[in-house]
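Visitor: Handing you this structure, nothing more for now.
Chains as they are written, first to last, in the numbering used here: chain R, -14 to 290; chain F, 388 to 707.
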């Protein structure tokens, strides 16, 4: 296929394109694509549409594929205090923000400092440090939770803080999970910034810290944004640690709350789906808005980490 | 003598105050917070869990862990002989065998689906950017949401979507409890893993595909290769290393995964894996020593994967 044909074909719709090149492979590709799209999108459609159903629609003998109207019964149960089984989901949303925003902010600050050292400065033990941080990243969370739990319990009794139901403790454990990959992604990015720019600033009399603040960081904003979003998403979605460290309903983050509603003796799938929709929507929107940065970050961090 | 002494001293002095040394100190200062958190909250606990696995730690002495009685290999012995862990014939695989089967099958399926998706998106068509973004949805969406949607789709009642569709098509007569049927539930959990994680494999493979040298294909075309042959003799060999690294990364991550199976089946109906069993020992029966022993067994298997990863793939990717 010559380049002209390729340019032309890019301007056609999928259908046109396939009609022109209706050979065996084009046909298989079209079918597969449709199959993929349905398989991916249907669960999301089902989540959102189920959240707008009434209890009668959700509990009927046959599934209702299109809700009769956009009923807000499920959302009322989540947010309306006058609802008989009011869930106070707003508090859970706030809790989730309380852990994910600090995680993202602190992770970006610490990882920036560390990544700069790794990318620009020479020091003994750098390779060892980097490799151990990466290997640590592969440690399973379930392995760490037992010692972490008893360790923090000991520390808590000595220093006078509670391990359970403490969102601050949760932030620390999330930092341990996100810092290695954040460090790696940022270090990779810093390496792509030409060091001549920094050297010029150093010769002009800036100190290293000033160089970081005035030269490197402004140039690294895309990477900082993607690391912030990435760590935010990890903290936002995290289940296991929150599941173990949080006991009080008032402090539940969204994933734990959704799990609780799901396991309620009287099943109310529409409420579970409404809560899931609320939790998923910001992530999808964030992701679509910043897709370019994020996919690059994923591949850059993933190949080596 | 004094002169000699002075010259032997000054390089040392220089090393401390030289630019190089200043840089090194700054570097350690900058990396200290990250290193402290990562080592304190990951490395130390990891070592500590080895210690716990040899002790009898329960709820009663959790606050006094350092004086927990030493029990030797008892925890390991109990775990290995536990009916939930041990392989007891094809009807009851136990967590160890299930874990390995589940991780390998999910990873193979994830990579295959990711490869197909990558090939699909490698050809230009209008709307490719949107389609690519859509393909990433399962990977970025919160695990809790997608796991519960799947459970809702696989609902055992006739109102479950899959039951409804299969009954309408006449493929089944009675509704099935998909996630509560041995064998079927494991298969569905594997399919779920591929559904959720194929975008990761897809992104990696796509990045590699787009960097491929097109002259290779032109040469193959001159030699008269058809599409299938081009894929087999040109594309696949070029993707070998990236597929190898994705495979091992995903294998380790899947092996470690707790959330997915816990949320989908709770570890029941032949889907109990080592991470879930670790949870059940530690936070179900509050026997932290056994939980730690189980986690250590998990880690040993993981280290084998890791060794393979470092030995085969990391060395290989330098060339690729």
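Cβ atoms here follow ideal geometry from the backbone N, Cα and C, with glycine treated the same way. Everything numeric in this text was worked out from a predicted model, so none of it was measured.
With respect to 6 Å, is the separation between the Cβ of residue 511(F) and the closest non-hydrogen atom of the ligand GTP below this value?
Guide: As for the ligand GTP, it is missing from this structure, which has no ligand bound.
Visitor: Is it a yes or a no for the segment 645 to 656 of chain F touching the segment 414 to 434 of chain F, going by three-plus beta-carbon pairs under 8 Å?
Guide: no
Visitor: Quick check for students: name the residue ranges of the alpha helix (DSSP H) that lie wholly in the segment 511 to 580 of chain F, counting only runs of 4 or more.
Guide: 515 to 522, 524 to 527, 530 to 540 and 548 to 555
Visitor: Just grab the DSSP bridge partners of residue 457(F) for me.
Guide: 442(F)
Visitor: In three-state terms, what does DSSP make of residue 211(R)?
Guide: helix
Visitor: I'd like to know whether the C-beta of residue 579(F) is nearer than 7 Å to at least one C-beta of chain R.
Guide: no
Visitor: Using a Cβ-Cβ distance cut-off of 7 Å, determine whether residue 545(F) contacts chain R.
Guide: Yes, residue 545(F) lies at the interface with chain R (some Cβ there is under 7 Å from its Cβ).
Visitor: Mind checking if residue 161(R) is an interface residue toward chain F, Cβ cutoff 7 Å exclusive?
Guide: It does: the Cβ of residue 161(R) has a partner Cβ on chain F nearer than 7 Å.
Visitor: In terms of residue numbering, what span does the alpha helix (DSSP H) encompassing residue 624(F) cover?
Guide: Residue 624(F) -> alpha helix (DSSP H) spans 623 to 643.
Visitor: Between the C-alpha atoms of residue 139(R) and residue 94(R), what's the straight-line distance to the nearest angstrom?
Guide: 29 Å
Visitor: How big is the Cα-Cα spacing for residue 11(R) and residue 466(F)?
Guide: Rounded to whole angstroms, residue 11(R) to residue 466(F) spans 53 Å at the Cα level.
Visitor: Please list, in chain order, the residues of the segment 249 to 263 of chain R that have any C-beta partner in chain F closer than 8 Å.
Guide: 254, 257, 258, 261 and 262
Visitor: With C-beta atoms as the reference, is residue 637(F) less than 7 Å away from residue 485(F)?
Guide: no
Visitor: Using a beta-carbon distance cut-off of less than 7 Å, what residues from the segment 150 to 177 of chain R approach chain F?
Guide: 157, 158, 160, 161, 164, 165 and 168
Visitor: Can residue 155(R) and residue 230(R) be called in contact, C-beta distance under 7 Å?
Guide: yes
Visitor: Can you look up residue 67(R) in the DSSP assignment and give me helix, strand or coil?
Guide: Shown here, residue 67(R) sits in coil according to DSSP, grouped into three states, outside any helix or strand.
Visitor: I want to verify the contact list: residues of chain F whose CB lies under 9 Å from the CB of residue 46(R), in sequence order.
Guide: 544, 545 and 546
Visitor: Assuming residue 269(R) and residue 524(F) form a contact by the criterion Cβ under 8 Å, report the distance between their Cβ atoms to the nearest whole angstrom.
Guide: 7 Å
Visitor: For residue 659(F), which residues in chain R fall below 7 Å Cβ to Cβ?
Guide: Under the 7 Å cutoff, chain R gives no residues; its nearest Cβ is about 13 Å from residue 659(F).
Visitor: Should residue 679(F) and residue 592(F) be called a contact, given that it needs their Cβ atoms to be closer than 7 Å?
Guide: no
Visitor: Measure the C-alpha to C-alpha separation of residue 441(F) and residue 676(F) and round it to an integer number of angstroms.
Guide: 7 Å
Visitor: Going by C-alpha to C-alpha distance, which of 273(R), 90(R) and 260(R) sits closest to residue 71(R)?
Guide: 260(R)
Visitor: Let me know the secondary structure DSSP gives residue 674(F) once reduced to three states.
Guide: Residue 674(F): strand per DSSP, three-state reduction.
Visitor: What residues from chain R crowd round residue 678(F), counting only those whose CB sits closer than 8 Å?
Guide: 131
Visitor: Taking the straight line between their C-alpha atoms, what separation do you get for residue 242(R) and residue 226(R)?
Guide: Residue 242(R) and residue 226(R): Cα-Cα distance of roughly 14 Å.
Visitor: Could you have a look at residue 653(F) and say whether DSSP puts it in helix, strand or coil?
Guide: Residue 653(F): coil per DSSP, three-state reduction.
Visitor: I want to see whether chain R comes within less than 7 Å of residue 342(F), judged by CB atoms only; does it?
Guide: Residue 342(F) is absent from the structure shown; chain F starts at 388 and stops at 707.
Visitor: Starting from residue 233(R), trace the alpha helix (DSSP H) in both directions and tell me its first and last residue.
Guide: Element bounds for residue 233(R): n/a, residue is neither H nor E.
Visitor: At least one CB of chain R closer than 7 Å to the CB of residue 605(F): is that the case?
Guide: no
Visitor: Can you pull the chain R residues whose beta carbon is under 7 Å from the beta carbon of residue 584(F), in chain order?
Guide: Those do not exist, as residue 584(F) stays about 11 Å from chain R at its closest Cβ, beyond 7 Å.
Visitor: In whole angstroms, give me the CA-to-CA distance for residue 98(R) and residue 104(R).
Guide: Distance between the alpha carbons of residue 98(R) and residue 104(R): 10 Å.
Visitor: Quick one: does residue 507(F) have its CB under 7 Å from some CB of chain R?
Guide: yes
Visitor: With respect to the alpha helix (DSSP H) encompassing residue 84(R), which residues constitute its N-terminal and C-terminal limits?
Guide: Unbroken alpha helix (DSSP H) run through residue 84(R): 74 to 105.
Visitor: For residue 77(R), count neighbouring Cβ atoms within 10 angstroms of its own Cβ and tell me buried if that reaches 16, exposed if not.
Guide: buried
Visitor: Chain R beta carbons: is any one of them nearer than 7 Å to that of residue 424(F)?
Guide: yes
Visitor: Given residue 481(F), which residues of its chain have a CB within under 6 Å of its CB, disregarding the five upstream and five downstream residues?
Guide: So the qualifying residues of the chain are 472, 473 and 474.
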